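Enquirer: Chains as they are written, first to last, in the working numbering: chain Y, 232 to 598; chain V, 154 to 609. C-beta: ideal position from N, C-alpha, C; glycine also. All values reported here derive from a predicted model rather than from experimental measurement. This structure is in structure tokens; I'll ask about it shortly.
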């Protein structure tokens, strides 16, 4: 018995927003008489942190402290359309809707403040809840006083709406996949280096280190970005070595029906994690942000599969890489197995191919 | 202090950590009924008889809903995009997966509801089932879906999502090596701590307040409104805080049936799936089957790719055509390959329908492409970083469907992990940038695909 160490890398990309776009988000904001801000958005928070992210965006865009902002996504009577929390769209698409609404509110605050201060709105700025004359910061009025003036003096409600819709990109030629516009809001990038230990007697693969870099454009909240990176890494580890809804695939029998009989990662499986955040801003995202939510479980399985090859010299290309699959691959290797080589062709995994398993379709290098 | 860029604590974190956040199942309403479902015990069967009259007389039963009670029985996840739908809210003529709901009972408690489910008179005729998507093309494959075993409604009524770019035949002729592999990620569970749950409350003004664990309030409201054939102002969805959703909580699994039962009984109706139902009856991530054939040069340029993808959709289409289309747009991964021939199919089997899950359509292709890249590096004896940096997307390169990459960071993220793992890269790879290709980074096969336009 021996424990073999191996390393592997993977490098991936992932789109922000629904594929082909066409997925609107809307928001509206109102300001209370003391300057406190209420945001209404329809974005469900599934643990991705969109309540926090959108609140941060609104606070800075208006120019008020974070804890002045209340975020309400609780119901469809008060909140406008959000297509939903999926497709890594909440920070970018829904975030841009609240950003636009906050810009309108900021404009309204400046208009009312301008009348109160008898200064043109273009010569005013807002920071930390204070409206100030540009270049003369002692001339100031708090946003609370501005809101009070709007409410009791001007008889107005300071409010703003915003909507984001990246236009739908239709497939204009279904034979080539050509599209008539940009089919994503942005693209994010990541790379993962995995280190594994493989036990050649039991076949067990243990992931010991995942070093990962993510370009998220701008980390609106680095702690939440790290949460996505680490949570995704563990999900990717599960995909790579543990989880299977159909352990006797293709049979649909003997499925795990509870936490005790379905094999998923637990704290005992946690590898060392090293996270790197890169900020190459996107042209259109709020503060340059791009999505990270989903892609964070995409790079690990390939990096792990490559590290397993590096450790023991076998490619396991059916997931998860279970002890049984590792041991069978080691047996096949010892029996002289490997790809078929024919001229310049190198053909792996023939036993898994539709050419072998099916009778109705073939897939070869002939075009 | 600026909020953007700050490590602020989660807005609702204290509530989650102290157990004070209110989730759907925490909401209790006076007079609330509870639901159990009659589900298919077979992977594929015809329904020969369905009679609920005895069950309706059981103690504590307030309402039973079957296919006959649904104003619009068949409405799909992609119907709002004008894509044909295939899945009935409740099984009518047949059932196509084990666990498919056929009838739901609302009763005073779950025991009474289950007793009534057990009293429903139903007769099945078991039919042959299909489980291996690689056999979906076989002439003798069991016919398990009224559209056949392959989804037929891609644009142009094609049964395949195609990408064609450049000339793969020529690329393979010019290649020094043609490397072929098969990649098969498994289905996995969504496994949220909060199982599928909904509560529908009929209000005195004729509206319904629907407490929902959906990831998409307006999408799910649209689904309920369509099935009930009612306008949106008849519903108020309450939610926005989800106890774990990774794609599966877009399915709108309980809300419509709770509302139909609430309408029929005139009482609030809650349906919380058991842990076993969540595991066995909710949608999983799809199993995928991918075959990649790459023509490469000895020094590691990828000249062309021919790829086959099969996506196991289970018994109904749900979001699968969307997933395969997204997959096709990203089948070159973080690299620029100018000659492409991609065919992707949505295959029906008798599994629980698969649906969206974190990384939808692309998690699969990332595994396939990156494992294949590692194999190519190994076969050619080329450093795995160098192979990737060479072919990495750069500004001005174009995607499989001809879209210009504006701000690709493949080079940056590879440099970052190399640095963090003390991996020395040789020149020119250590100096590579994401800037537009020129000189040694612009071999002949990549010239034609470049886009100089700033438009997109």
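Quick one, are the C-beta atoms of residue 319 of chain Y and residue 525 of chain Y less than 7 Å apart?
Expert: Closer than 7 Å, so yes.
Enquirer: What residues in the stretch 314–333 of chain V have a beta carbon less than 8 Å from any beta carbon of chain Y?
Expert: For the stretch 314–333 of chain V, which is checked against every Cβ of chain Y, the residues closer than 8 Å are 314, 315, 316, 317, 318, 321, 322, 325, 328, 329, 330, 331, 332 and 333.
Enquirer: For chain V, check one thing: does any of its Cβ atoms lie closer than 7 Å to the Cβ of residue 250 of chain Y?
Expert: So, interface residue.
Enquirer: Are the Cβ atoms of residue 389 of chain V and residue 362 of chain V separated by less than 7 Å?
Expert: Cβ distance < 7 Å, so residue 389 of chain V and residue 362 of chain V count as in contact.
Enquirer: Determine the chain V residues that contact residue 485 of chain Y at a beta-carbon separation under 8 Å, and present them in chain order.
Expert: By Cβ distance, chain V contributes nothing, its closest Cβ being about 11 Å from residue 485 of chain Y, past 8 Å.
Enquirer: Could you round the C-beta distance between residue 464 of chain V and residue 242 of chain V to whole angstroms and report it? I think they count as a contact, below 8 Å.
Expert: With a Cβ gap of about 23 Å, residue 464 of chain V and residue 242 of chain V do not count as contacting.
Enquirer: For residue 368 of chain V, which residues in chain Y fall below 7 Å Cβ to Cβ?
Expert: Here the neighbours are 275, 277, 315, 316 and 317.
Enquirer: Using Cβ-Cβ distances below 7 Å, what residues of the stretch 570–581 of chain Y are close to chain V?
Expert: Cβ contacts with chain V: 575, 576, 577, 578, 579 and 580.
Enquirer: Starting from the N-terminal side, write out each stretch of the beta strand (DSSP E) that is 3 residues or longer and does not extend beyond the stretch 476–506 of chain V.
Expert: The qualifying runs are 492–501.
Enquirer: Taking DSSP's pairing of strands, which residues face residue 458 of chain V in a bridge?
Expert: Looking at the DSSP assignment, residue 458 of chain V forms a beta bridge with V:447 and V:493.
Enquirer: So, is residue 336 of chain V buried or exposed, given that buried needs 16 or more other C-beta atoms within 10 angstroms?
Expert: It counts as buried.
Enquirer: In angstroms with no decimal places, state the Cα-to-Cα distance between residue 233 of chain Y and residue 582 of chain Y.
Expert: Each residue's alpha carbon lies about 28 Å from the other.
Enquirer: Name the two residues that bound the continuous beta strand (DSSP E) containing residue 355 of chain V.
Expert: Residue 355 of chain V -> beta strand (DSSP E) spans 350–355.
Enquirer: With respect to the beta strand (DSSP E) encompassing residue 238 of chain Y, which residues constitute its N-terminal and C-terminal limits?
Expert: Its beta strand (DSSP E) spans residues 234–247.
Enquirer: Only counting the same chain, and skipping five residues up and downstream in sequence, which positions put a Cβ closer than 6 Å to that of residue 243 of chain Y?
Expert: Within the same chain, residue 243 of chain Y has close Cβ partners 421, 529 and 530.
Enquirer: With 16 as the cutoff for other CB atoms within 10 Å, does residue 398 of chain V come out buried or exposed?
Expert: Buried, because 16 or more other Cβ atoms sit within 10 Å of the Cβ of residue 398 of chain V.
Enquirer: Listed from N- to C-terminal order along the chain, which residues in the stretch 404–423 of chain V have their beta-carbon within a distance smaller than 9 Å of any beta-carbon of chain Y?
Expert: So nothing in the stretch comes that close.
Enquirer: DSSP puts residue 389 of chain V in a beta bridge; with which residues?
Expert: Paired residues: V:362.
Enquirer: Output, in chain order, the set of chain A residues within a Cβ distance shorter than 7 Å of residue 164 of chain V.
Expert: Absence of chain A from the displayed structure is noted, the protein chains being Y and V.
Enquirer: So, are the CB atoms of residue 266 of chain Y and residue 374 of chain Y less than 7 Å apart?
Expert: Going by C-beta atoms, residue 266 of chain Y is nearer than 7 Å to residue 374 of chain Y.
Enquirer: Against residue 503 of chain V, what residues of chain Y qualify as contacts under a CB-to-CB distance less than 9 Å, listed in chain order?
Expert: Per Cβ cutoff of 9 Å: 483.
Enquirer: What residue does the alpha helix (DSSP H) around residue 429 of chain Y start on, and which one ends it?
Expert: No alpha helix (DSSP H) contains residue 429 of chain Y, which is instead part of the beta strand (DSSP E) from 417–430.
Enquirer: For residue 238 of chain V, which residues in the same chain have their Cβ closer than 6 Å to its Cβ, ignoring the five residues on either side in sequence?
Expert: Closer than 6 Å at Cβ, skipping near neighbours: 227, 228, 229 and 232.
Enquirer: For a contact defined as C-beta to C-beta under 7 Å, what are the partners of residue 446 of chain Y on chain V?
Expert: The answer, in chain order, is 562, 565 and 566.
Enquirer: Here's a check: name, in chain order, each residue in its chain whose Cβ is nearer than 8 Å to the Cβ of residue 398 of chain Y, leaving out the five neighbours to either side.
Expert: Taken in chain order, the residues that qualify are 252, 253 and 412.
Enquirer: Assuming residue 268 of chain Y and residue 322 of chain Y form a contact by the criterion Cβ under 8 Å, report the distance between their Cβ atoms to the nearest whole angstrom.
Expert: With 8 Å as the limit, residue 268 of chain Y and residue 322 of chain Y do not qualify as a contact, their Cβ atoms being about 19 Å apart.
Enquirer: Cβ of residue 548 of chain V less than 7 Å from any chain Y Cβ?
Expert: Not an interface residue.
Enquirer: Does the beta carbon of residue 480 of chain V sit closer than 7 Å to a beta carbon anywhere in chain Y?
Expert: With 7 Å as the cut-off, residue 480 of chain V does not count as an interface residue toward chain Y.
Enquirer: Taking only runs that begin and end inside the stretch 296–350 of chain V, name each unbroken alpha helix (DSSP H) of 4 or more residues, in chain order.
Expert: Entirely contained in the stretch 296–350 of chain V, the alpha helix (DSSP H) runs reaching 4 residues are, in chain order, 321–327.
Enquirer: Can you round the beta-carbon distance between residue 469 of chain Y and residue 496 of chain Y to whole angstroms, since I take them to be within the 8 Å contact cut?
Expert: Contact holds; Cβ gap of about 5 Å.
Enquirer: Would residue 321 of chain V and residue 459 of chain V qualify as a contact pair, given that the criterion is a beta-carbon distance under 7 Å?
Expert: It is a contact, given that the beta carbons lie within the stated cut-off.
Enquirer: Consider the Cβ of residue 374 of chain Y: report whether some Cβ of chain V lies at a distance smaller than 7 Å.
Expert: No, no contact with chain V.
Enquirer: If I'm right that residue 410 of chain Y touches residue 401 of chain Y with Cβ under 8 Å, what's the distance once you round it to whole angstroms?
Expert: 7 Å between Cβ atoms; contact.
Enquirer: Show which residues of chain Y have a CB atom less than 7 Å away from the CB atom of residue 524 of chain V.
Expert: In chain order: 533, 536, 537 and 548.
Enquirer: Kindly list, in the order they appear in chain Y, the residues whose Cβ is closer than 7 Å to that of residue 290 of chain V.
Expert: Here the neighbours are 589, 591 and 592.
Enquirer: Quick one: is residue 494 of chain V near chain Y, going by C-beta distance under 7 Å?
Expert: Closer than 7 Å: yes.
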